[in-house]
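Here the sequence shown stands for residues 65 to 659, where the numbers follow the numbering used here. Backbone N, C-alpha and C define an ideal beta-carbon position, used for all residues, glycine too. What follows is one structure encoded as structure tokens, with my remarks underneath.
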Amino acid sequence: MSSTHPRLGDWVRTTASLCRPSRIVWCNGSRAEFDALCDLVVRSGAGKRLNEKCRPGSYLVRSDPVDVARVEDRTFICSQHEVDAGPTNNWVEPDRMRATLNGLFDGCMRGRTMYVIPYSMGPIGSHIAKIGVQITDSPYVVASMHVMARVGEPVLDVLGADGEFVPCLHSVGKPLDHGSDVPWPCNPDNRYIVHYPETREIWSFGSGYGGNALLGKKCLALRIASVMARDEGWLAEHMLILKIANPAGHVKYFAAAFPSACGKTNLAMMVPALPGWKVETVGDDICWMKFDGDGRLRAINPEAGFFGVAPGTSHHSNHNAMVMLQKNCIFTNVAETPDGDVWWEGMTESPPENLTDWRGNAWHPGESGPAAHPNSRFTVACAQCPVIAEEWEDPHGVPISAILFGGRRASVVPLVNEARDWRQGVFFGSIVSSEQTAAAFGNIGQLRRDPMAMLPFCGYNMADYWSHWLAIGARPTARLPKIFYVNWFRKDASGRYLWPGFGENSRVLKWIFERCDGIARAEPTVIGMLPADGELDTTGLDLDNATRNELLRVNVAGWKQEIPLIGEYYDRFGSRVPGGLRDEVRELGSRLEHL
Ligand code: GTP
Ligand code: SPV
Ligand code: MN
Numbered sequence: 065m066s067s068t069h070p071r072l073g074d075w076v077r078t079t080a081s082l083c084r085p086s087r088i089v090w091c092n093g094s095r096a097e098f099d100a101l102c103d104l105v106v107r108s109g110a111g112k113r114l115n116e117k118c119r120p121g122s123y124l125v126r127s128d129p130v131d132v133a134r135v136e137d138r139t140f141i142c143s144q145h146e147v148d149a150g151p152t153n154n155w156v157e158p159d160r161m162r163a164t165l166n167g168l169f170d171g172c173m174r175g176r177t178m179y180v181i182p183y184s185m186g187p188i189g190s191h192i193a194k195i196g197v198q199i200t201d202s203p204y205v206v207a208s209m210h211v212m213a214r215v216g217e218p219v220l221d222v223l224g225a226d227g228e229f230v231p232c233l234h235s236v237g238k239p240l241d242h243g244s245d246v247p248w249p250c251n252p253d254n255r256y257i258v259h260y261p262e263t264r265e266i267w268s269f270g271s272g273y274g275g276n277a278l279l280g281k282k283c284l285a286l287r288i289a290s291v292m293a294r295d296e297g298w299l300a301e302h303m304l305i306l307k308i309a310n311p312a313g314h315v316k317y318f319a320a321a322f323p324s325a326c327g328k329t330n331l332a333m334m335v336p337a338l339p340g341w342k343v344e345t346v347g348d349d350i351c352w353m354k355f356d357g358d359g360r361l362r363a364i365n366p367e368a369g370f371f372g373v374a375p376g377t378s379h380h381s382n383h384n385a386m387v388m389l390q391k392n393c394i395f396t397n398v399a400e401t402p403d404g405d406v407w408w409e410g411m412t413e414s415p416p417e418n419l420t421d422w423r424g425n426a427w428h429p430g431e432s433g434p435a436a437h438p439n440s441r442f443t444v445a446c447a448q449c450p451v452i453a454e455e456w457e458d459p460h461g462v463p464i465s466a467i468l469f470g471g472r473r474a475s476v477v478p479l480v481n482e483a484r485d486w487r488q489g490v491f492f493g494s495i496v497s498s499e500q501t502a503a504a505f506g507n508i509g510q511l512r513r514d515p516m517a518m519l520p521f522c523g524y525n526m527a528d529y530w531s532h533w534l535a536i537g538a539r540p541t542a543r544l545p546k547i548f549y550v551n552w553f554r555k556d557a558s559g560r561y562l563w564p565g566f567g568e569n570s571r572v573l574k575w576i577f578e579r580c581d582g583i584a585r586a587e588p589t590v591i592g593m594l595p596a597d598g599e600l601d602t603t604g605l606d607l608d609n610a611t612r613n614e615l616l617r618v619n620v621a622g623w624k625q626e627i628p629l630i631g632e633y634y635d636r637f638g639s640r641v642p643g644g645l646r647d648e649v650r651e652l653g654s655r656l657e658h659l
């Protein structure tokens, strides 16, 4: 297959002459192609086919132990001006970065096959969808892209002779000059995940893992798309999308932004603890929202697969995921059982006696490190989710009634807090802070600001992004969703979670649902609207009054301490911080003072 799109053809030729692969393969997205790619991964020694009796059609892949998560310190937004990347992004002047990358990509695919993957983020042909073309030298990446995006010939048909696409160049950065390959080639000393927001290009070098390498996900669908969304008046967000029906069968759709490994997949697939309520999944990680003719924000999930955190996934925490993972999955960096199945921490109450850990070594209970890497993941088609909503591929998207922001906060932030209006909701989003997780290299457990869960994913100045959110809310014809700040992760003095989480989060979703309908009551407080006494349905839940009050109280001392920290955080962005958010923090400060 080749292209009838001259610009695409030129880009592929130029890239091939730079990278000098032995062979070029245009991917057609077929099942046969997927099977052949998986065979290659197995033959390379990185992967193995799991036991057909336990996990039909599934693979276990082990990465290089140094290539296991996103590398935020090696991720760059190369806008012309540094201020347009903002203080939270790494920035290098674009011409300088291009010189560096041209040097690294020169001959980087020698001895390897260069794959060209035309893909659509969003249902093919949807007016909300965007097209990318990824070039990569990793068969594992191509197989994963087959699952995560819509890949192949139908995409070229939509592109036609001159359609727009985002060029996405990826290499593991390890030419095969002489001798044998390693199972998981990568180049840890020279990793670059680079975005040029003005020209809408992505160049990624040196890593084969997750968001570093599957360029449709964080690179295109968030970093580049956030820039497109700013320019075109819509929102590209790190959010799940769920469909929720009450016992009467009335349906609403919610979107929720939680930082990486903070519960999006789990909430999107939850089995409600409350009888009669039903939750179905539209998306678990990324949400693109555009206004429709009625002024409502309609959301699509641009992805076709889930790249989900394995540890902690069990029949208790996420039964639907366990069912979804029974077949046709790629597991990366989980542990292996003696009968050729997979295991990870939290899957069962106690680990099996004999395991092979994520590095390929024998592992026994009591061992110092975990058997599965904390950022081990599954890759699986959305269509396999037993509770995928029937409208998940609707090209028009689903209308959003509520937006939830949240993070991991052991203290201060209550279980749920409703914003009085859009501006306060944007303020809530801007101050989200969360304990860092294993989804990226860094200091795990450390509290950091992660506004709208977009800290690692916003392709431009974060303060301008807040202004964009405020501008969305200022649209005269907009019928805006309500905004809520939630926190499932409050702990007591001994470090135990105060709130049971998972399916019990349906109790919070119920209150939100009924707030949208104007049925449930809220108590206005200095920090926002909290559930009025008795309004959070805790029927059948073993929760004593003290814990309940702790989860829903206004921690005046804690919030007073937050005020100067928020001010300092905003100061990092200088005059770009929208006045409306400065007003919010000042007004919150003075309400707390006057209590
Ligand atoms: P990314 O894919 O990295 O964006 O992560 P995510 O936001 O989809 O997170 P995910 O749902 O995979 O959850 C990450 C971890 O948090 C898992 O180990 C879950 O078991 C745990 N978790 C999810 N929901 C809850 C909850 O309500 N309470 C508690 N205590 N833990 C939760
Ligand atoms: C995240 O880190 O938020 C993920 C995983 O969803 S990755 O695709 O690696 O970015
Ligand atoms: Mn994510």
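Residue i beta carbon near ligand 2 (any heavy atom closer than 6 Å)
i, result
"phenylalanine 56", "Outside the displayed span of the chain (65 to 659) sits residue 56, for which this structure offers no information."
"arginine 472", "no"
"arginine 134", "yes"
"glycine 270", "no"
"aspartate 574", "Reading off the sequence, residue 574 comes out as lysine, not aspartate. Every heavy atom of ligand 2 is 6 Å or more from the Cβ of lysine 574, so no."
"aspartate 349", "yes"
"lysine 342", "no"
"glycine 274", "yes"
Nearest to residue i (by Cα), restricted to the options the options
i, options, result
"alanine 385", "Arg423, Lys354, Lys328, Asn418", "Lys328"
"cysteine 351", "Pro366, Pro339, Gly372", "Pro366"
"glycine 653", "Gly643, Trp623, Pro642", "Trp623"
"serine 45", "Ser81, Arg87, Asp358", "Since the first residue of the chain shown is 65 and the last is 659, residue 45 is not available in this structure."
"aspartate 103", "Ile394, Ser81, His234, Leu233", "Ile394"
"alanine 535", "Asp245, Asp99, Phe355, Gly270", "Phe355"
"isoleucine 576", "Arg539, Phe469, Val387, Asp647", "Phe469"
"lysine 546", "Asp421, Met173, Ala466", "Ala466"
"valine 618", "Gly631, Pro588, Asp635", "Pro588"
"serine 268", "Asn166, Arg176, Val219", "Asn166"
"histidine 383", "Ile508, Asn425, Ala332", "Ala332"
"alanine 538", "Asn507, Gly559, Gly489", "Gly489"
"arginine 174", "Leu240, Phe229, Gly93", "Leu240"
DSSP three-state assignment for residue i, whether helix, strand or coil
i, result
"serine 202", "coil"
"glutamate 599", "coil"
"tryptophan 298", "coil"
"serine 268", "strand"
"arginine 646", "helix"
"histidine 259", "strand"
"valine 490", "helix"
"methionine 526", "helix"
"cysteine 283", "helix"
"leucine 240", "coil"
"tryptophan 456", "coil"
"methionine 477", "Strictly speaking, residue 477 in this sequence is valine, with methionine absent from that position. Reduced to three states, the DSSP call for valine 477 is coil."
Residue i CB to nearest heavy atom of ligand 1 below 6 Å
i, result
"tyrosine 549", "no"
"glycine 376", "yes"
"tyrosine 561", "yes"
"asparagine 330", "yes"
"phenylalanine 566", "yes"
"glycine 668", "Given a span of 65 to 659 for the chain in the structure shown, any question on residue 668 remains unanswerable."
"glycine 327", "yes"
"alanine 503", "yes"
"tryptophan 408", "no"
Span of the alpha helix (DSSP H), counted from its first residue to its last, around residue i
i, result
"tryptophan 75", "70 to 83"
"threonine 611", "609 to 616"
"proline 628", "620 to 635"
Contact test: residue i Cβ vs ligand 3 heavy atom, cutoff 6 Å
i, result
"serine 324", "yes"
First and last residue of the uninterrupted beta strand (DSSP E) at residue i
i, result
"leucine 306", "304 to 309"
"lysine 342", "342 to 347"
"cysteine 232", "230 to 235"
"arginine 512", "511 to 513"
Below-7 Å beta-carbon distance, residue i vs any chain C residue
i, result
"arginine 126", "As a matter of chain content, chain C is missing from the structure shown, which is built from one protein chain."
Ligand 5 heavy atom lying under 6 Å from the CB of residue i
i, result
"proline 402", "Questions concerning ligand 5 fall outside what the structure shown contains, since the ligands it does hold are ligand 1, ligand 2 and ligand 3."
Is it the case that the region 186 to 193 contacts the region 155 to 164, given that we only count it when at least three CB pairs across the two stretches are under 8 Å? Between the region 155 to 164 and the region 186 to 193, the count of Cβ pairs shorter than 8 Å is below three; the stretches do not touch.
Would you say the region 449 to 460 touches the region 470 to 484, given that touching needs at least three Cβ pairs under 8 Å? Counting Cβ pairs under 8 Å, fewer than three are found: no touch.
Say whether the region 497 to 504 touches the region 334 to 354, bearing in mind that this needs 3 or more beta-carbon pairs closer than 8 Å, one atom from each stretch. Put simply, the region 497 to 504 does not touch the region 334 to 354. Fewer than three CB pairs are less than 8 Å apart.
Is it true that the region 561 to 571 meets the region 598 to 613, where meeting means three or more beta-carbon pairs spaced less than 8 Å apart? The region 561 to 571 vs the region 598 to 613: in contact.
The region 250 to 263 touching the region 131 to 140, judged by at least three CB pairs closer than 8 Å: Counting Cβ pairs under 8 Å, three or more are found: they touch.
Could you say if the region 522 to 539 and the region 468 to 481 meet the contact criterion of at least three C-beta pairs nearer than 8 Å? Contact between the region 522 to 539 and the region 468 to 481 is absent, because fewer than three Cβ pairs lie under 8 Å.
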